[in-house]
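Colleague: This is the structure, below, for whatever I ask next.
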Amino acid sequence: MSSFGLHCARKKEPELERKLRANDRQYNLSFKYATNAIKTSKYNFFTFLPLNLFEQFQRIANAYFLFLLVLQVIPEISSLSWFTTVVPLALVLSVTAAKDATDDINRHRSDNHVNNRKVQVLIDGKLRSEKWMDVQVGDIIKLENNQFVTADLLLLSSSEPLNLVYIETAELDGETNLKVRQALPATGDLGDDVSKLAGFNGEVLCEAPNNRLDRFAGTLAYAGQKYALDNEKILLRGCTLRNTEWCFGLVLFGGPETKLMQNCGKSTFKRTSVDRLMNVLVLCIFGFLALMCSILAMGNYCWELGEGSAFTLFLPRQNGHRAAFSSFLTFWSYVIILNTVVPISLYVSVEFIRLGNSFYIDWDRDMYHSRSDTPAQARTTTLNEELGQIKYVFSDKTGTLTQNIMTFNKCSINGKTYGDVLDRTGQRLEVNAHTETVDFSFNPLADPRFTFHDHALVEAVKLEIPEVHAFFRLLTLCHTVMAEEKKEGQLSYQAQSPDEGALVTAARNFGFVFRSRTPDSVSVVEMGRQRTYRLLAILDFNNVRKRMSVIVRSPEGKLSLYCKGADTIIYERLHRSCGKLMDVTTEHLNEFAGEGLRTLALAYKDLDEDFFLGWQRRHHEASVAPHHREAKLEQLYEEIESDLLLLGATAIEDKLQDGVPQTIEQLSKADIKIWVLTGDKQETAENIGYSCNLLSEEMNDVFVIGGNSPEDVRRELRNARECMKPGAAEDCAFLPATTLGKSARAIADEAVNGDFGLVINGHSLTVYDELFITLYNLVYTALPVLGMSLFDQDVNDAWSFQHPRLYVPGQLNLYFSKMAFFKCALHSCYSSLVLFFIPYAAVAQAARADGRDLADHQSFAVLTQTCLLFAVTLQLGLEMSYWTAVNGLFVVGSLLMYFVVTFTMYSNGLFLVLPSAFPFIGTARNTLSQPNVWLTIGLTSILCILPVVTYRFLLILLRPTINDKVMFKARQAKASPPPLPRRTRIRRTSSRRSGYAFSHAQGYGDLVTSGRFLRRPAQPRPSALAHAGRAASAFSPLGRSAGYSPTGRAQYVKAREVEVTSLQMYRTVGDDAREPPR
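The number in our numbering is simply the position in the sequence shown, starting from 1, with 204 added.
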């Protein structure tokens, strides 16, 4: 594009690093940074025509017809008028150009809409409303809640405590969970004071523009100090500000230099498998055309040498041309005559078909989601036919197959499971809408949306069992959730992961309420008592660690480390005294996984004061190390996260989306292979596979591939393949055939017939009228093909759902492939012979009713082209399975159009106006008025379609396809099929173990422990669980469930009567017992 002047300016030198100064446009303009305007359109008013034509002539067919046009201006070889090539070429170019122009106009509108958005910019000490396109690097802008982020910004300050902001990054990475960013304390002091912000003159030195969304490196120099900048302090363009009243940011990158636009790349034209196959077939047609022209040229050469000299007396060769030169001219003359072999209008037909199918998608009521008022939308018209050829579906589990709404379902504490509902005989009951729920009315801070059915757990909490309290204390403290309490007792949590939110909410309902946090403390309410723990360190989660830990000091001064994470990771770090408890908990984890639940293991450790002080000093040194910082921190984490004591495990349910099992079952029956990506335990993944019908009970076996290298995986796959199908070829397992397209019969109608000519001394005479050649593809056969492609259907949607195997022929390319094209080519050759020789034989010795000779060139042309159109229309009608008023009108209307145009062009009036252009005066009415002509038309049409009808009859009789079988069944039933039977669910259990990377993104650990101030400190609150007349420490069971014992044993009155359930019952004799932290 640069050659056409889109980028006329001299190419900018690549940036190595970026320097900018806040509130100093003059300084920043010296670096010639990009403005914040974006441009996704391809053309402008001046470049559209040359660029679009350049792109269109990259198509082989268009370039070919341009080449023909050049040939036709050479008198010696031109055998057809120029308009036979110009008209179809101009129409194709015009339609495609109109479509491209429409798409680009929409892109221009989108660009203008984005560039003209308003944002408040700090200019000359005042906030002014400016367009996005006028924002420059170094400007300070103000964003408000629910606004899009204007450019890539360095966060300076915000309205929230700790200078936090919450952002939604769905436009960048598809994640709907809110993420948090936090400003530096040095800039957080600026607040929303415009005068302070106007005086801010910090200088930023950072990385050059790049497309890395997850990393940023730079420094801020301000007030004589340097501060490190990372990705947690950056707001990227494309994000949306949520739950934050306002924030201020410094523009680092604008417009095309933002990370969002850097990831967009250049727009590329997407070609489908149908397009690629069409190009291959067009090349084959070119080869066939060249072969035919070469044979005819050689025939002309031989004829010139043998017989041509006899004609030179009355047809002398011009300028002494020899036989060789005559055959050379004949070759190019036949290239022009046979140009309709190349289906140029096929590209236009395919574009119209794609456009029509995209409207079907937009209008489909079955794909309309009423709850969110969201219809289906075909964002591109290029790829929709690929929907009929899908072989593989790759899907994420969380949030795609599931609702991403986590609920605390079960848990294991000190070797005992909670969450099942049992009857008086100890048998497990199924939980349904009528199952009694636990009464949390004793807890004013409980979340009313939380439900739990096992009363034993709340009883254990009220009876102050130490291990149960330690379990929920861990859930209350070990997280990076942010709490917001706008009204007394109305808590809302902002969690990096829904798992975190579910666990903290569960602890909240059982009496351990996370209330608020500061950078160095966590305030909770434990069974009615307000307690504040000092937060000393957060060892945050990442995908390698698969765990997170917090180190806290209790109000009594006790140091403790709490840890939660994947069970295999936690088990590796347990104290040897936890062996028996680990075995029992493992059984519970297997049971949870067998029910498709997501599991976490919980552990703790009491810390020695001197050891921690030394560790804390080394941790600080590692956190500021310039090199190998992450490796040094990981080593310290490993050191302190050892010899842990197991508390138990949690089990969270992520419910499936509505209709997922039925959808996956239908896709599987359609031979679509489904791959689901999940971080669950193997058992969890397996049972979710069964619950969503990805796996079925009818399967003979389920193979688990656990290789750690490509070679191991290949070997295990080969073994599994051998077990499933002994002796099967390896290629069948690993090298699936390339998917091709499903467009079908357009090729057959476009490339069925060529033109034929008689060669006399190097000059040609076409059989068909030139106007018929021009209008055949564009007018006479275009609408029936479109009508069939857009309105035909073999069976309706109900039968299609009943028989998903109807989808398989598209996967196997049975409708449009090289073999299908070869069959059409054979039929074309046969039809061409019939269309020429049958009419030729019929009129060779025939006479009209008035005795005049019928065997003239013009009459023969009218007869042959009428036979051709009737044969094509009749075959298309026989192929059509579903007639509507529209496609019926297209078929009949095209025939009527042919006769109207033919009688008009061959009329006396047009001949008198332009005799040279309309020489076939009166031919139509003279020829088509003869009975023997219509007999010839009928006979020729029947002979053309007879092989197709015979082949279809034998195929249905001997080897019927799935389409034939279902169509036959539908005609017999004459009604909708019966509903699909419901499948019975089988509860599965598992005994296998594997690691589980729980669904938890890296949290807010670095933010909440950074030692930063809280500009709006939380006011001290009275305990929400304190009751009049009772000491806070004397909390006792209240509410309906206080006296209920689901085990049927005598009700406990005092905690000292509770059955012994301490951790020591699972420890070896002689090991020093440590009391769970309080």
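A virtual CB, placed ideally from N, CA and C, is assigned to each residue, including glycine.
In this text, all values refer to a predicted model and were calculated from it rather than measured experimentally.
If we require 4 or more residues per run, which alpha helix (DSSP H) segments fall completely within the segment 505 to 586?
Modeller: 527 to 541 and 548 to 567, all fully within the segment 505 to 586.
Colleague: Excluding the five sequence neighbours on either side, which residues of its own chain have a C-beta within less than 8 Å of the C-beta of Glu219, listed in chain order?
Modeller: Against the sequence shown, residue 219 aligns to sequence position 15. Cβ neighbours of Glu219 beyond the five flanking positions: Ala412 and Pro413.
Colleague: Run through DSSP, which three-state label would Tyr370 get?
Modeller: Taking the first residue of the sequence shown as position 1, residue 370 is located at position 166. Three-state result, Tyr370: strand.
Colleague: Let me check understanding here. Comparing Cα to Cα, which of Arg821, Ser720, Phe452 and Ala402 lies closest to Leu837?
Modeller: The count along the sequence shown starts at 1 and reaches residue 837 at position 633. Considering only alpha carbons, the answer is Arg821.
Colleague: Do Thr978 and Pro292 have their C-beta atoms within less than 8 Å of each other?
Modeller: Here residue 978 corresponds to residue number 774 of the sequence shown, with the count starting at 1. Here residue 292 corresponds to residue number 88 of the sequence shown, with the count starting at 1. A contact, by the Cβ cut-off of 8 Å.
Colleague: Taking Cβ to Cβ, would you say Ser846 is nearer than 8 Å to Arg757?
Modeller: Taking the sequence shown and counting its residues from 1, the one referred to as residue 846 is at position 642. Taking the sequence shown and counting its residues from 1, the one referred to as residue 757 is at position 553. Cβ atoms of Ser846 and Arg757: not closer than 8 Å.
Colleague: Per DSSP, Gln429 is paired with what?
Modeller: What you label residue 429 is simply residue 225 of the sequence shown in a count that begins at 1. According to DSSP, which records beta bridges pairwise, Gln429 is partnered with Tyr426.
Colleague: Given this structure, state the Cα-to-Cα distance separating Arg1189 from Phe656, to the nearest angstrom.
Modeller: On the sequence shown, position 985 is the one that residue 1189 refers to. On the sequence shown, position 452 is the one that residue 656 refers to. Only weak support exists for where Arg1189 lies, its pLDDT of 47 falling under 50; the value from the coordinates is given anyway. Rounded to whole angstroms, Arg1189 to Phe656 spans 23 Å at the Cα level.
Colleague: Grab me the residues of Ile327's own chain with a C-beta within less than 7 Å of its C-beta, minus the 5 sequence neighbours each way, in chain order.
Modeller: As a first step, residue 327 is located in the sequence shown; it is residue number 123 there, counting from the start. Once the five neighbours on either side are set aside, Ile327 has no close Cβ partner at all.
Colleague: Just checking my contact of Ser282 with Ile540 at CB under 8 Å: how many whole Å lie between their CB atoms?
Modeller: By one-based count along the sequence shown, residue 282 stands at place 78. By one-based count along the sequence shown, residue 540 stands at place 336. Their Cβ separation, rounded to whole angstroms, is 7 Å, which keeps Ser282 and Ile540 in contact under 8 Å.
Colleague: What's the C-alpha gap between Glu334 and Thr709?
Modeller: By 1-based counting over the sequence shown, the position of residue 334 is 130. By 1-based counting over the sequence shown, the position of residue 709 is 505. Between Glu334 and Thr709, the C-alpha separation is close to 43 Å.
Colleague: Looking only at its chain, what residues have a beta carbon closer than 7 Å to the beta carbon of Thr1127, apart from the 5 residues adjacent to it on each side?
Modeller: On the sequence shown, position 923 is the one that residue 1127 refers to. Hits under 7 Å: Gln1062, Ser1063, Val1066 and Tyr1110.
Colleague: DSSP three-state label for Pro940, please.
Modeller: The count along the sequence shown starts at 1 and reaches residue 940 at position 736. Because Pro940 carries a pLDDT of 40, less than 50, the predicted location of this residue cannot be relied on, and no value is offered for it.
Colleague: Given a cut-off of 8 Å on the beta-carbon distance, is the pair Gln698 and Val685 in contact?
Modeller: Against the sequence shown, residue 698 aligns to sequence position 494. Against the sequence shown, residue 685 aligns to sequence position 481. Yes, they are a contact pair.
Colleague: Straight-line CA distance for Ala305 to Glu589?
Modeller: Locating residue 305 in the sequence shown gives position 101, counting from the first residue. Locating residue 589 in the sequence shown gives position 385, counting from the first residue. Taking the straight line from one Cα to the other gives about 23 Å.
Colleague: At 4 residues or longer, what runs of the alpha helix (DSSP H) sit wholly inside the segment 983 to 1044?
Modeller: With a minimum length of 4 residues, the continuous alpha helix (DSSP H) runs that stay inside the segment 983 to 1044 are 986 to 995, 1001 to 1006 and 1012 to 1015.
Colleague: Using C-beta distances below 6 Å, list every residue in its chain close to Glu688, excluding the 5 sequence neighbours before and after it, in chain order.
Modeller: The residue you call residue 688 lines up with position 484 of the sequence shown. Taken in chain order, the residues that qualify are Ser696.
Colleague: Determine the direct distance from the alpha carbon of Ser1145 to that of Ser1035, and round the result to whole angstroms.
Modeller: Along the sequence shown, read from residue 1 onward, the residue named residue 1035 stands at position 831. Along the sequence shown, read from residue 1 onward, the residue named residue 1145 stands at position 941. Between Ser1035 and Ser1145, the C-alpha separation is close to 9 Å.
Colleague: With burial defined as no fewer than 16 other Cβ atoms inside 10 Å of the residue's Cβ, what is the status of Arg1244: buried or exposed?
Modeller: Taking the first residue of the sequence shown as position 1, residue 1244 is located at position 1040. A caution first: Arg1244 carries a pLDDT of 29, below 50, which makes its placement in the model too unreliable to give a value.
Colleague: Use the C-beta contact count for Asn636: other C-beta atoms within 10 angstroms, 16 or more gives buried, fewer gives exposed.
Modeller: Counting from one through the sequence shown, the residue named residue 636 turns up at place 432. With fewer than 16 Cβ atoms within 10 Å of its Cβ, Asn636 is classed as exposed.
Colleague: Give every residue of the same chain whose Cβ lies closer than 8 Å to the Cβ of Gly342, excluding the five residues on either side of it in the sequence, and list them in chain order.
Modeller: Indexing the sequence shown from 1 puts residue 342 at position 138. Only Leu224, Arg225, Ala226, Asn227, Asp228, Arg229, Tyr231, Asn232, Leu454 and Val455 meet the Cβ criterion.
Colleague: Would you give the residue range spanned by the beta strand (DSSP E) that Asn608 belongs to?
Modeller: Translated into positions along the sequence shown, residue 608 becomes position 404. Thr606 to Ile617 is the span of the beta strand (DSSP E), which, as asked, contains Asn608.
Colleague: Could you give the DSSP three-state label for Lys303: helix, strand or coil?
Modeller: Walking along the sequence shown from the start, residue 303 turns up at place 99. Correct three-state label for Lys303: helix.
Colleague: Hey, out of Ala805, Tyr766, Gly798 and Val788, whose CA is closest to Tyr775's CA?
Modeller: On the sequence shown, position 571 is the one that residue 775 refers to. Here the closest residue by C-alpha is Ala805.
Colleague: From Glu221 to Ile755, what distance separates their C-alpha atoms?
Modeller: For the purposes of this step, residue 221 is taken as the residue at position 17 of the sequence shown. For the purposes of this step, residue 755 is taken as the residue at position 551 of the sequence shown. In a straight line, the C-alpha of Glu221 is about 39 Å away from that of Ile755.
Colleague: Since Val455 is in the beta strand (DSSP E), which residue starts that stretch and which ends it?
Modeller: Taking the sequence shown and counting its residues from 1, one reaches residue 455 at position 251. Note, Val455: beta strand (DSSP E), Trp450 to Phe457.
Colleague: In the DSSP assignment, find the unbroken beta strand (DSSP E) run with Cys767 in it and report its ends.
Modeller: Numbered from 1 along the sequence shown, position 563 holds the residue referred to as residue 767. Counting along the chain, the beta strand (DSSP E) containing Cys767 begins and ends at Leu763 to Gly769.
Colleague: Would you mind sorting Val159 into buried or exposed? The rule is 16 or more other CB atoms within 10 Å of its CB.
Modeller: Limits of the chain in this structure are 205 at one end and 1282 at the other, which puts residue 159 out of reach.
Colleague: Are the CB atoms of Val662 and Phe718 within a distance shorter than 8 Å?
Modeller: Start at 1 with the first residue of the sequence shown, and residue 718 comes out as number 514. Start at 1 with the first residue of the sequence shown, and residue 662 comes out as number 458. No, they are not a contact pair.
Colleague: I'd like to check one pair, Trp286 with Val299: are the Cβ atoms closer than 8 Å?
Modeller: As a working mapping, residue 299 is identified with position 95 in the sequence shown. As a working mapping, residue 286 is identified with position 82 in the sequence shown. Cβ distance not < 8 Å, so Val299 and Trp286 don't count as in contact.
Colleague: Distance, Cα to Cα, Ala501 vs Cys1033?
Modeller: What you label residue 501 is simply residue 297 of the sequence shown in a count that begins at 1. What you label residue 1033 is simply residue 829 of the sequence shown in a count that begins at 1. Cα to Cα, the separation comes out at about 20 Å.
Colleague: With DSSP as the reference, identify every bridge partner of Trp879, one or two as the case may be.
Modeller: One-based indexing of the sequence shown puts residue 879 at position 675. Paired residue(s): Phe598.
Colleague: Once DSSP output is grouped into helix, strand and coil, what is the label at Ala1128?
Modeller: Indexing the sequence shown from 1 puts residue 1128 at position 924. In this structure, Ala1128 counts as helix in the three-state DSSP scheme.
Colleague: Please report the straight-line C-alpha distance between Ser206 and Arg385, rounded to a whole angstrom.
Modeller: Within the sequence shown, the letter at position 2 stands for residue 206. Within the sequence shown, the letter at position 181 stands for residue 385. Because the pLDDT at Ser206 is just 37, under 50, the model does not fix this residue reliably, and the value given afterwards should be weighed accordingly. One C-alpha to the other measures close to 39 Å.
Colleague: Classify Gln1069: buried if its beta carbon has 16 or more other beta carbons within 10 angstroms, exposed otherwise.
Modeller: Mapped onto the sequence shown, residue 1069 falls at position 865. By the neighbour-count rule (16 or more Cβ atoms within 10 Å), Gln1069 is buried.
Colleague: Along the chain, where does the alpha helix (DSSP H) containing Val717 start, and where does it finish?
Modeller: By one-based count along the sequence shown, residue 717 stands at place 513. Segment Phe716 to Thr722 is the beta strand (DSSP E) holding Val717; no alpha helix (DSSP H) there.
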